[in-house]
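Below is one structure, written out as structure tokens, with a few remarks after it.
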Amino acid sequence: MLDSILSNDKKLALLVIDEAHIVTTWGKQFRPDYWYLGDYITKIRKKYQKQDGNSFIIATFTATATYGGEENMFEETKSSLNMSNPHKYFGFIKRDNIEFNIIQSKTKTNKQEYRKDKYELLINHIKRCLLYNKKCLIYFPTVRLIEDFKAYLCFYNYDKKVVTYYTTMKKNDKNESEEHFRNGEIKIMLATKAFGMGIDINDIEVIIHFAPTGNTCDYLQEVGRAARKEKLQGTAIYNFMSNDFQYINRFHGISTLKKYQLVEIIKKIYLIYMKERQNSKNKFYTKKRNELLLDVEIFSHIFNNSILDDNDDILNKVKTALLIIQKDFENTKKYSPFKMRPIPLFSKGYFKVDKTLKELLNNDFCSEIFELEKGDIYKINLKRIWEYKFSDKYSFPQF
Numbered sequence: 077m078l079d080s081i082l083s084n085d086k087k088l089a090l091l092v093i094d095e096a097h098i099v100t101t102w103g104k105q106f107r108p109d110y111w112y113l114g115d116y117i118t119k120i121r122k123k124y125q126k127q128d129g130n131s132f133i134i135a136t137f138t139a140t141a142t143y144g145g146e147e148n149m150f151e152e153t154k155s156s157l158n159m160s161n162p163h164k165y166f167g168f169i170k171r172d173n174i175e176f177n178i179i180q181s182k183t184k185t186n187k188q189e190y191r192k193d194k195y196e197l198l199i200n201h202i203k204r205c206l207l208y209n210k211k212c213l214i215y216f217p218t219v220r221l222i223e224d225f226k227a228y229l230c231f232y233n234y235d236k237k238v239v240t241y242y243t244t245m246k247k248n249d250k251n252e253s254e255e256h257f258r259n260g261e262i263k264i265m266l267a268t269k270a271f272g273m274g275i276d277i278n279d280i281e282v283i284i285h286f287a288p289t290g291n292t293c294d295y296l297q298e299v300g301r302a303a304r305k306e307k308l309q310g311t312a313i314y315n316f317m318s319n320d321f322q323y324i325n326r327f328h329g330i331s332t333l334k335k336y337q338l339v340e341i342i343k344k345i346y347l348i349y350m351k352e353r354q355n356s357k358n359k360f361y362t363k364k365r366n367e368l369l370l371d372v373e374i375f376s377h378i379f380n381n382s383i384l385d386d387n388d389d390i391l392n393k394v395k396t397a398l399l400i401i402q403k404d405f406e407n408t409k410k411y412s413p414f415k416m417r418p419i420p421l422f423s424k425g426y427f428k429v430d431k432t433l434k435e436l437l438n439n440d441f442c443s444e445i446f447e448l449e450k451g452d453i454y455k456i457n458l459k460r461i462w463e464y465k466f467s468d469k470y471s472f473p474q475f
């Protein structure tokens with residue numbers, strides 16, 4: 077959207093960012109691209125100021141960002157969005173119609189016993205909600221737990237009495253689950269934090285957490301889904317076991333990077349940069365721009381001991397680490413050794429190729445770039461084309 081603003085003749089006068097806390101809370105946990113929003117905004121500002129010296133207003137809104145203390149989301153959001161001396165308006169959250177019921181349960185050292193006990197506690201809550209016809213939303217830290225718990229419900233013939241909601245579900249399935257829950261056909265919703273912003277169901281009476289959420293801000297957002305209907309009393313329930321912290325530690329493992337990892341990333345980039353400089357002295361090397369297109373896999377060894385080690389998690393960690401380095405230099409040195417732009421989602425493209433052109437692709441060079449998917453559809457490695465033909469003329473985003 078912001079890229080389209082840059083290429084549009086219409087002027088931006090006001091940029092409103094609702095639910096602004098996710099810029100940093102989600103940005104540092106599992107969606108680093110949110111954290112780059114400030115860089116895009118700065119890019120637009122520079123364009124406007126170059127044209128006529130004018131800029132635009134930024135207005136941010138959130139009901140749950142913390143102010144001050146160790147988790148100063150106000151300062152983090154202000155810094156991330158590159159806002160200077162903003163006007164501040166503070167309020168307070170007061171929900172007298174939500175009762176908090178935190179219950180300490182006996183910790184189990186055995187993993188199977190722990191999981192079984194947690195599931196049995198949830199089933200007891202579900203039984204009570206169904207008995208008293210109360211709409212209940214249960215938050216889980218992972219999709220795998222939702223699927224595992226729903227399978228467990230089959231033993232009680234309760235699997236048809238719940239619906240699920242999480243990001244990776246198909247859109248139609250999510251809409252169907254939301255509608256069944258909204259109209260009361262199904263009283264129990266099993267969800268990740270994806271079930272939240274933009275969804276307003278005012279008659280939810282019970283909010284249950286399987287495990288602690290990422291931070292105070294997220295918890296307030298989630299329990300705030302209860303009792304939005306006037307004169308309705310809500311309840312927030314959490315059965316605490318010390319084992320539960322394995323999930324919150326797992327999420328913080330994505331966002332909390334070690335100093336040595338940041339140093340190793342800087343070293344790696346420096347070595348690649350020096351190699352590129354050496355190549356530029358070769359008369360056959362025509363690259364003119366100080367731009368590097370880096371594959372996330374070259375950093376994977378830095379995170380090889382992580383709890384979460386699939387490609388998406390490593391990608392998020394690398395993007396977060398690069399932004400931390402960039403922001404730290406900007407805050408302490410007033411400059412950054414590099415500007416990082418995440419582009420891996422656009423390095424592959426899918427095209428329909430005319431039958432008359434297929435023969436042209438039957439050679440060794442094209443086989444490295446074009447891969448037949450199905451019928452006339454080819455997957456094309458845009459990164460390789462850019463490196464081979466266009467890296468001396470365009471940056472990758474321009475290409």
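All letters in the sequence shown, in the order written, are residues 77 to 475 by the numbering used here. Beta carbons: idealized from backbone N, C-alpha and C, even for Gly. Here the structure is a predicted model, which means the values were calculated and not measured.
| query | result |
| --- | --- |
| Start and end residues, beta strand (DSSP E) containing methionine 265 | 264-267 |
| Sub-7 Å separation of isoleucine 445 and glycine 425 beta-carbons | no |
| Identified DSSP bridge partners for isoleucine 175 | Per the sequence shown, residue 175 should be read as glutamate rather than isoleucine. Bridge partners of glutamate 175: Thr311. |
| Extent of the continuous alpha helix (DSSP H) to which valine 239 belongs | It is not in any alpha helix (DSSP H) - valine 239 instead sits in the beta strand (DSSP E) that spans 238-241. |
| Identity of the residue in Asp94, Val299 and Phe375 nearest arginine 171 by Cα | Val299 |
| First through last residue of the beta strand (DSSP E) which encompasses tyrosine 454 | 453-457 |
| Opposing strand residues paired with aspartate 94 [DSSP bridges] | Phe137 |
| Lysine 450 in three-state terms, based on DSSP | strand |
| Buried or exposed by the 16-neighbour rule on C-beta atoms within 10 Å, applied to alanine 303 | buried |
| Where lysine 236 falls, given that 16 or more other Cβ within 10 Å makes a residue buried | exposed |
| Leucine 421 versus lysine 393: straight-line alpha-carbon distance, rounded | Low per-residue confidence applies at leucine 421: pLDDT is 47, beneath 50, and the placement is therefore not dependable, though the value from the model is reported in the following sentence. Approximately 15 Å between the Cα atoms of the pair. |
| The segment 171-185 contacting the segment 121-138, beta-carbon criterion three pairs below 8 Å | no |
| Proximity of methionine 149 and histidine 201 at Cβ, strictly below 7 Å | no |
| Under the three-state DSSP convention, the category tyrosine 284 falls into | Looking at the sequence itself, residue 284 is isoleucine, so the reference to tyrosine does not match. Strand, per DSSP. |
| Contacts around histidine 285, its chain only, beta-carbon distance under 6 Å, and the 5 residues preceding and following it disregarded | Tyr215 and Tyr314 |
| Beta-carbon spacing of valine 282, lysine 210 below 7 Å | yes |
| Distance CB(glutamine 180)-CB(phenylalanine 316) smaller than 7 Å | yes |
| Host beta strand (DSSP E) of tyrosine 426 (start-end) | 424-428 |
| Alpha-carbon spacing of glycine 76 relative to lysine 194, whole angstroms | The structure shown does not extend to residue 76, since the chain is modelled only from 77 through 475, so no value can be given for it. |
| Supposed close pair isoleucine 342, isoleucine 401 - CB separation, criterion 8 Å | 6 Å |
| Alpha carbon of tryptophan 462 to alpha carbon of leucine 398, nearest angstrom | 23 Å |
| Reference leucine 157, options His163, Tyr112, Ile345 and Gly145, closest by Cα | Tyr112 |
| Identity of the residues DSSP links to isoleucine 277 by a beta bridge | BP columns for isoleucine 277 are empty, so no partner. |
| Residue closest to lysine 427, alpha-carbon to alpha-carbon, out of Lys409, Glu435 and Glu447 | A small correction: the amino acid at residue 427 is phenylalanine; lysine does not occupy that position in the sequence shown. For phenylalanine 427, the nearest C-alpha among the options comes from Glu447. |
| Separation of methionine 245 from lysine 465, as counted between CA atoms | 39 Å |
| Sub-7 Å separation of threonine 240 and leucine 266 beta-carbons | yes |
| Check whether tyrosine 190 and lysine 184 have beta carbons under 7 Å apart | yes |
| Threonine 138 and glutamine 297 closer than 7 Å at C-beta | no |
| Simplified DSSP state of phenylalanine 166, which is helix, strand or coil | coil |
| According to DSSP, residues forming a beta bridge with isoleucine 214 | Leu266 and Ile284 |
| Residue(s) in a DSSP beta bridge with phenylalanine 316 | Gln180 |
| Methionine 149: first and last residue of the uninterrupted alpha helix (DSSP H) it sits in | 149-156 |
| Leucine 487 classed as buried or exposed, judged by whether at least 16 other C-beta atoms fall within 10 angstroms | Because the chain in this structure spans residues 77 to 475, residue 487 falls outside the shown range and cannot be described. |
| Where lysine 307 falls, given that 16 or more other Cβ within 10 Å makes a residue buried | exposed |
| Helix, strand or coil at threonine 396 [DSSP, three-state] | helix |
| First through last residue of the alpha helix (DSSP H) which encompasses threonine 118 | 113-128 |
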